[in-house]
Amino acid sequence: MDRFAFVLRRPLQLVPVLFGISLVTFVLVQLMPGDPVRIMLGPRASADAIAAVRARYGLDQPVLLQYGYYLLNVLRADFGRSLAYRAPVLDVILARLVPTICLLAYGLVMSVAFTVALAVAAARRPGAWVDQMVRLFCVAGLGLPSFWLGLMLIMLFSLRLKLFPVSGFGESPVDVLWHLFLPALTIAIAVTPILTRNLRATLAAQSTADYAVAGRSKGLSENYVFFRHVFPNSLLPTISLLGIVVSFLIGGTVVVETVFNVPGMGQLMVRAVLLRDYFIVQGVTLFFAVGVVLTSFVVDIITVALDPRVKL
Amino acid sequence: MSAGSEAGPRPALGSWRLRLPATLLVGAAIVVTWLLIAAFGPAFVAHDPIAVDLAHALLRPSADHLLGTDSYGRDVLTRLMYGARTDLQMAFFGVAGPFIIGTIVGLLAGNFGGIPDAVLMRILDVTVSFPYFVLVIAIVAVLEPGLTSYYISLTLVNWVSYARLVRSEVIVLRQADFVLAARTIGIGEIRVMSHHLLPNAISPSVVFVFTDAVLTIVLGSSLGFLGLGVQPPAAEWGVMIAEGQLYLATAWWIAVFPGIAISLLALGFSLVADGLAKLLHTAP
């Protein structure tokens, strides 16, 4: 089991990265124009209230100490107050966590399904027309702007064919799946080209590996060699790409949630930027970054679990 | 195309005498076409890209207005051509800053190693922890919505991509015989870096420039769409799509054509990247 010792060791290695993340989000608010306390409390706040908040967040101290206060507050799950929502940032963010996580998971499942289908179809016959079409999709898909693609899907499937709702999140689980279908499809189309390109290249390379040739020369069928030997051996590079892909998906939710009016963290961030609600921007940025770090950690664990040769 | 065919020595920039890949030619043709449209297109249209003309609002595509008019009565084709200027400018300036800074930092860190290199790697670790798009938006938020903020934000975030690419090449190359030979005969460190390391280390970055241009255009137009980038009434493709969002059911042409424009320009850059990757023998 000492292959999994890194599960205990890695969180320690993550500490510097988490420090870095907190430093960046701290500097973000330092750079903003105007007085953060005024922004937090609004223009009509009394002098006493301002002094109290200043003391609470250490804003009357030197910058380095302010960072210390920020860290302490973050560790106590205090991310400041949102002016626009008149509530603690944490509450505002938590209220919007579920739609975003649903959308991310839904989008990820769709991306994986598309990727496996396209990459397998392409790699079975390298150079054939299917392979060429998939390659074209991979090249062109990268440049399809999600916000426009989302609008086109709304136009076609919601307004013309009336198959899906134009916007919103839904109540019951089935309702959510129905509401989030087009948003998830939009981000899946954005991510699939990256994953497909990677998986197709690995599949094509593994198809000509010695063990595959040996299998065929033993008289195993092409299907058997491909799905029992080549396919499982090709998954790891694509799985290790998932950490980056989740980061990309999160970026996608910012746009897609706005287009489809999904009440998630991405939409929250865009609104907060427009309203200059800086502590929300800071909080959401921090949440997303920590989410990416945790995802990479999970991906590492999956990689080790799947491949006995990998040591981390 | 088997996997083995892409291996082989990687020619330095400027040293190829190979057949150019088809994707490179098609991609370059698309990009050049857009450059020509941006440069000369506005001279051939009679309409103003900004002036409001409510009497001619929401007209279908016709001989007078080939791509129709928007809700302010502005000619969509005219705005599309002016928009090409903005979006091409975005691709250029959005990529140039990170490319130059990242290349220099990567070259120095890779060649000298030590503490600066260790610091660079830590910065890299932290930067890749943020979703790229989220960090860019957060920085734009702190500055103020607009094109200049977008360039500053991209430069702050994206130089690390180029630094990483150049550094990983330089680390291998600095032990290569030709570099050791250059040092042995007394060539100065700066000249070794600029004339021996850089030309051999830059290929992956040059390929990435064009992939990066795709991301920069998509990201920049997304910001325009969200109201965080180029501000209306300026003609920018993302801004145009945002203006057409309300009229999807009644006047589809307002939002559809600028999206096609973004996709086509991005496709051009993607194809160039694909072709260059083949030509320079770097992994795509």
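Chains U and V, in that order, are what the protein sequence lines are.
Residue numbers for the first sequence follow the working numbering, so the first one is 34 and each next one is one higher.
Residue numbers for the second sequence follow the working numbering, so the first one is 215 and each next one is one higher.
Beta carbons are placed, not taken as given, at the ideal position from N, Cα and C, and that holds for glycine.
Just so we're clear, the structure is a prediction, and the values are computed from it rather than from any experiment.
Around the beta carbon of V:W248, 16 or more other beta carbons lie within 10 angstroms, which makes this residue buried. In the three-state scheme derived from DSSP, where H, G and I count as helix and E and B as strand, V:T283 is classed as strand.
Taking the Cα positions, U:G113 is about 51 Å away from U:A237.
Taken atom to atom, the span from the alpha-carbon of V:L478 to that of U:L232 is near 26 Å. Setting aside the 5 residues that flank it on each side, U:V279 is surrounded in the same chain by T328, each with a C-beta closer than 6 Å to its C-beta; the list follows chain order. For V:W248, no chain U residue has a Cβ inside 7 Å of its Cβ, as the nearest lies near 12 Å away. Excluding five sequence positions before and after V:L273, the CB atoms of its chain that fall closer than 6 Å to its own CB belong to H279, G282 and T283, given in chain order. Nearest to V:Q303 by alpha-carbon distance, out of V:A390, V:L322, V:A465 and V:A449, is V:A449. Taking 8 Å as the cut-off, the beta carbon of V:T430 is found closer than this to the beta carbon of V:V309.
According to the DSSP assignment, U:G299 belongs to the alpha helix (DSSP H) that extends over M298 to L308. Here V:S419 carries a helix assignment [DSSP, helix/strand/coil]. Take U:L177, set aside five residues on each side of it, and the residues of its chain with a beta-carbon closer than 8 Å to its own are I222 and A223, in chain order. U:S179 carries a helical assignment under DSSP once its states are collapsed to helix, strand and coil.
For V:D289, DSSP records a beta bridge to V:T283. Contact annotation: in the segment 430-448 of chain V, residues whose CB is within less than 8 Å of a CB in chain U are I431, V432, S435, S436, F439, L440, G441 and L442.
Nearest CB-CB separation between U:I134 and chain V: not below the 8 Å threshold.
Between U:V331 and U:F37, the CB-CB gap reaches or exceeds 8 Å. In this model, U:A242 and U:R261 are separated by some 14 Å (Cα to Cα). Cβ neighbours of V:T292 within its own chain (closer than 6 Å, five residues either side excluded): V259, H261 and P263. In chain order, S280, F281 and G284 make up the part of chain U whose C-beta sits under 8 Å from the C-beta of V:Y346. Taking 7 Å as the cut-off between beta carbons, the residues of the segment 49-75 of chain U near chain V are P49, V50, G53, I54, V57, L61, L64 and M65, in sequence order. V:A463 sits in coil when the DSSP states are folded into three classes, being neither helix nor strand. Shown here, U:R342 sits in coil according to DSSP, grouped into three states, outside any helix or strand. Counting the other Cβ atoms within 10 Å of the Cβ of U:G324 gives 16 or more, which makes it buried.
One alpha carbon belongs to V:F471, the other to V:I314, and they sit about 34 Å apart. Closest by C-alpha distance to U:L127, out of U:L116, U:A110 and U:L141, is U:A110. From the beta-carbon of V:I351, the residues of chain U found nearer than 7 Å are V287, M302 and V306.
Listed along chain U, the residues sitting closer than 9 Å to V:I476 by beta-carbon distance are G176, L177, P178 and W181.
Judged by beta-carbon spacing, V:M295 lies beyond the 8 Å limit of V:I244, meaning their Cβ atoms are not closer than that value.
Closer than 8 Å to the CB of V:S419 there is not a single CB belonging to chain U.
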